[in-house]
Amino acid sequence: MTAFTLYYKVSAVEQNWAAEHLQVIRTLMERAAIYRRALAPVMLLTGGLGLVAAALGIGLKIDSPRGFIGYWMALSLLPLAGSYILVRRQSLRDGDPFWSPPTRRVTQALLPPLGAGLVAGLVLLIHMGHPPPGAGAAENVVAMLWLPLAWIVLYGCAMHAAGFFMPRGMKIFGWAFILGGCGFFALGIPDAVPRHIYAHGLMGFFFGALHLAYGGYLYFTEKRKNEA
Numbered sequence: 004m005t006a007f008t009l010y011y012k013v014s015a016v017e018q019n020w021a022a023e024h025l026q027v028i029r030t031l032m033e034r035a036a037i038y039r040r041a042l043a044p045v046m047l048l049t050g051g052l053g054l055v056a057a058a059l060g061i062g063l064k065i066d067s068p069r070g071f072i073g074y075w076m077a078l079s080l081l082p083l084a085g086s087y088i089l090v091r092r093q094s095l096r097d098g099d100p101f102w103s104p105p106t107r108r109v110t111q112a113l114l115p116p117l118g119a120g121l122v123a124g125l126v127l128l129i130h131m132g133h134p135p136p137g138a139g140a141a142e143n144v145v146a147m148l149w150l151p152l153a154w155i156v157l158y159g160c161a162m163h164a165a166g167f168f169m170p171r172g173m174k175i176f177g178w179a180f181i182l183g184g185c186g187f188f189a190l191g192i193p194d195a196v197p198r199h200i201y202a203h204g205l206m207g208f209f210f211g212a213l214h215l216a217y218g219g220y221l222y223f224t225e226k227r228k229n230e231a
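Using my numbering, the final residue of the sequence shown is 231, and nothing's skipped along the way.
Quick look at the structure:
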C-alpha cells in the first residue's frame, strides 16, 4: 500500500466521521424542544421515586451498611428503566427512532460515571459480606456516608456530561450535584442525626427533592412556552 493510498483512506474515514458528527449535532439542535419535553416527566418520575425510597428506607429502618447499599442499588433500576420507557414513548409519539445517534451519544456520556458508581457499590456490597475483624465502625462510615456522597458526585458528573447534548440547564443541574456532594464531604459526619437517617436523607434530598424541583421547573416553563 502506497503512502498516497493510505492517506486517501484515512482522509475518507475522517470525512465520514466529521459528517456523522455534524449530522448528530444538527439532529440534537432540531430536537432540543423534544428532549426538553421528555426530560420533565423523567425528572418528576425519578424525584418521586427518590423521595418514596428515602421515606421507606427510614421507615423500614434499613440501617445496616449492606442493606443500605443493596436497597439503593436495587431501587436505582426503577427510575432508570422508567426513564428509558418515557423517552421511548416520546420518540414513538414524535415518529423518531428510539435508539437514534443522539440517544447513543447521551448514553455514552452517562455510562462512565454511572458505571464507576455501580462498580464502587458492588465492590463494597461484596466486601461487606466478609468484613475484617473490628471493621464495623469504619464500614458504617464508608457505606452510610462516603458511598452515598460518591454516588451523588458521580451522578452529577454524568448529568454534566449529558448536558453537552441536552438543554443547558442539565449542566447546571449536574453542577448542583457535584458541588453539593463535595460540600457535604467537607462538612463531615454529623453527630446529632442517626447515621441511617442521614444517609437516606441525603439520597432523598439529591435524588428526590432536586429532581422534583428541576422537573417542575421544566414542566412549567414548557407549559408557558406552549401557551405563548
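Glycine is no exception: its CB is placed at the ideal position from the N, C-alpha and C atoms.
Closest by C-alpha distance to Leu117, out of Asp97, Ala161 and Val145, is Ala161. The C-beta of Pro82 has 16 or more other C-beta atoms within 10 Å across all chains shown, which makes the residue buried.
Closest by C-alpha distance to Met206, out of Ile175, Gly183, Lys174 and Ala112, is Gly183. Around the beta carbon of Thr49, 16 or more other beta carbons lie within 10 angstroms, which makes this residue buried. Taking Ala153 as reference, the option from Met173, Met131, Gly186 and Ile175 with the minimal CA-CA separation is Gly186. Taking the C-beta atoms as reference points, Phe167 is found nearer than 8 Å to Ala112. Within 10 angstroms of the beta-carbon of Pro151 lie 16 or more other beta-carbons, which makes it buried.
Sequence-distant partners of Ala43 (beyond 5 residues in either direction) whose C-beta falls short of 7 Å from its own C-beta, in its chain, are Gly218, Leu221, Tyr222 and Glu225. By the beta-carbon neighbour count (other beta carbons within 10 angstroms, threshold 16), Gly62 is exposed. Non-local C-beta neighbours of Val109 in its own chain, meaning closer than 6 Å and more than five positions away in sequence, comprise Ala165 and Phe168, ordered along the chain. Its chain contains His163 and Gly166 as the residues whose beta carbon lies nearer than 7 Å to that of Lys174, once the 5 sequence neighbours on both sides are disregarded; these appear in chain order. In this structure, Ala56 lies away from Leu89, with their beta-carbon atoms at least 8 Å apart. DSSP places Trp149 within a helical segment (H, G or I) once states are collapsed to three. Contact check for Phe71 against Ala146 passes: the beta carbons are separated by less than 8 Å. Just so you know, the alpha carbons of Gly98 and Leu128 end up roughly 42 Å apart.
With contacts defined by Cβ atoms closer than 8 Å, Tyr74 and Gly60 form a contacting pair.
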